[in-house]
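In our numbering, the protein residues as written are 172 to 693.
Backbone N, C-alpha and C define an ideal beta-carbon position, used for all residues, glycine too.
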Ligand SMILES: Cc1ncc(C[n+]2csc(CCOP(=O)(O)OP(=O)(O)O)c2C)c(N)n1
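What follows is the structure, encoded as structure tokens:
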């Protein structure tokens, strides 16, 4: 871990002084951005990344990034400074109870009892963070500890992959061989376990229909593949209805299931056998239905491919292409994403945070490569901007595009500065609709009504804000300018921001309309 993402304070200075020349420090101007960039960097590298925050002052500010890391299984090793041990009892300025604060969202939170234990605690945190399911660990380190001598620690090898039980997998294989109508639900853990190609090979071997997990934090199957059927709805009854035609469903690397609006119903129809392979014992325990098997996704896919009969491709027809949206004024998100899909480089990495236009983005963007899509794992806004910067710094050969709402961008706006300072090749596309459209839609969907304060955000000039951080930025208002501007900005060097004035949405929620019988909060 030689790249450190952080924001410094007095209690970290003894740690930061005289940093070795082969270490790189990446500064974020707010801890959400610093830890959020580390998150993106770790997602792209698939490795643990070091974050250094400032006592309780910044572990509070950075907590939402830790929540993201928890739900996205990202191995961050986070340290914060603590006041000097010698007067901690007297509760001095900046004394920190950060260990208690972060506990529910890290795998381990600890303040070593002795200064001499700090290096071994960092090593232990590293080994724990990288065990599946990967996740953040947190250490609070008193500032006087860095002046103590301590014995060197031994570097050990700790192998993280846990193989699934083959007796249990054998039962899945037998169910597959006797099924007539098979579907997979693919989830983010496939990429965590480097299982993309194994899962594609397995789906082709079995001619299984493939669905994306609801509200996906990553895409885990080629979007244009003929077996790909699209996404699942995030609510109990509608999701079970979508899968009702299948006699056997195997969820690979996702929870059963991630819901949003409460639409009660059985999680799966009684005629459907449900299997679950996950690298997370927590997901296995929390699943509402099905037989769960814990273990590595790539290994499970390889095993099932070797122990099932190949099935000929039936009459699967590819998903129909979505209608070509018209160039309306104001620009619709659907039109924006259809043009973006045409002009963006094929190897681009997408880092998305545009709540009300997720559905349009999902319909029109069609990358087929692994590691191409990342999104908010648990609805905490502020993920997109810093993650985009971290993803690009870890992927120097690929551009990153970050479609982000004009509301969402405000939660971690300082990441624009880091993008400029560290030359991250990111094209930020702000969908400027002047309101919290996703919340208004939820008001309509659940009959809360529109008499709710705090739904509009007029008067924000994103071009000036980006320019204030030193970034090239421009606005697009007319649909006929969009393609040319996008092409110019993708051809440019360095980070840039395009603020696109888009139409407001409404009515639906995460792809669900009134036909799903939503909860009524009138
Ligand atoms: C940190 C945080 N604060 C508030 C919310 C609630 N929230 C969910 S969607 C949303 C609107 C975001 O606005 P914008 O990015 O402009 O997207 P739009 O809804 O217009 O598509 C808000 C405020 C949240 N999810 N996370």
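| Item | Value |
| --- | --- |
| Beta-carbon contacts of residue 499 that lie in its chain and below 8 Å, excluding the five residues immediately before and after | 506, 650, 674 |
| heavy atom of ligand 1 below 7 Å from residue 617 C-beta | no |
| Residue from 371, 214, 404 whose Cα sits closest to the Cα of residue 386 | 404 |
| Contact belief for residue 353 with residue 449 at Cβ below 8 Å, rounded distance in angstroms | Actually they do not touch by this definition, with Cβ atoms about 19 Å apart. |
| Identity of the residues DSSP links to residue 462 by a beta bridge | 446 |
| Sequence-distant residues of the same chain with beta carbon closer than 7 Å to residue 658, five excluded per side | 514 |
| Member of 684, 551, 349, 586 whose CA lies at the smallest distance from the CA of residue 617 | 684 |
| In chain order, each beta strand (DSSP E) run of at least 3 residues that lies wholly inside the region 524–596 | 544–546, 571–576 |
| Sheet register partners of residue 680 (DSSP bridge) | 683 |
| Residue 679 Cβ short of 7 Å to ligand 1 heavy atom set | no |
| Under 8 Å between C-beta atoms of residue 627 and residue 602 | no |
| Buried versus exposed call for residue 525 [16 or more other C-beta atoms within 10 Å across all chains shown] | buried |
| At least 3 beta-carbon pairs within less than 8 Å: the region 242–250 vs the region 220–228 | yes |
| Cut-off 7 Å between Cβ atoms - residues of its own chain near residue 595, not counting five sequence neighbours on either side | 560, 563, 564, 666 |
| Any 3 or more C-beta pairs closer than 8 Å across the region 568–576 and the region 408–428 | no |
| Collapsed DSSP secondary structure at residue 672 in the structure displayed | strand |
| Residue from 586, 510, 392, 203 with nearest C-alpha to residue 636 | 586 |
| Whole-number beta carbon distance between residue 410 and residue 379, since they are thought to touch under 8 Å | Not really, about 18 Å apart at Cβ, beyond 8 Å. |
| Cβ-Cβ distance between residue 315 and residue 256 below 8 Å | yes |
| Rounded separation between residue 493 and residue 535 - CA only | 7 Å |
| Unbroken beta strand (DSSP E) run spanning residue 112, endpoints | Outside the modelled stretch of the chain, which goes from 172 to 693, sits residue 112, for which no answer is possible. |
| Buried/exposed call for residue 264, threshold 16 Cβ in 10 Å | exposed |
| Status (buried if at least 16 other CB within 10 Å, exposed otherwise) for residue 517 | exposed |
| The region 449–458 contacting the region 424–438, beta-carbon criterion three pairs below 8 Å | yes |
| Residue 244, buried or exposed, once every other Cβ within 10 Å from all chains shown has been counted against 16 | buried |
| Bridge partner(s) assigned by DSSP for residue 457 | In the DSSP output, where bridge partners are listed per residue, residue 457 has none listed. |
| Beta carbon of residue 388 nearer than 8 Å to that of residue 301 | no |
| Alpha helix (DSSP H) runs contained entirely in the region 341–413, provided each spans 4 or more residues | 360–363, 367–377, 407–413 |
| Short Cβ contact (8 Å threshold) for residue 306 with residue 406 | no |
| Check: residue 467 C-beta below 7 Å from any heavy atom of ligand 1 | no |
| Residue 232: CB within 7 Å of a non-hydrogen atom of ligand 1 | no |
| Secondary structure of residue 697, DSSP reduced to three states | The displayed coordinates of the chain run from 172 to 693. Any statement about residue 697 would go beyond what the structure contains. |
| Whole-number beta carbon distance between residue 552 and residue 528, since they are thought to touch under 8 Å | Not really, about 14 Å apart at Cβ, beyond 8 Å. |
| Contact under 8 Å by Cβ, residue 470 with residue 370 | no |
| Enclosing alpha helix (DSSP H) for residue 695 [first to last residue] | The shown model of the chain, from 172 to 693, leaves out residue 695, and the question about it has no answer. |
| DSSP three-state assignment for residue 467, whether helix, strand or coil | coil |
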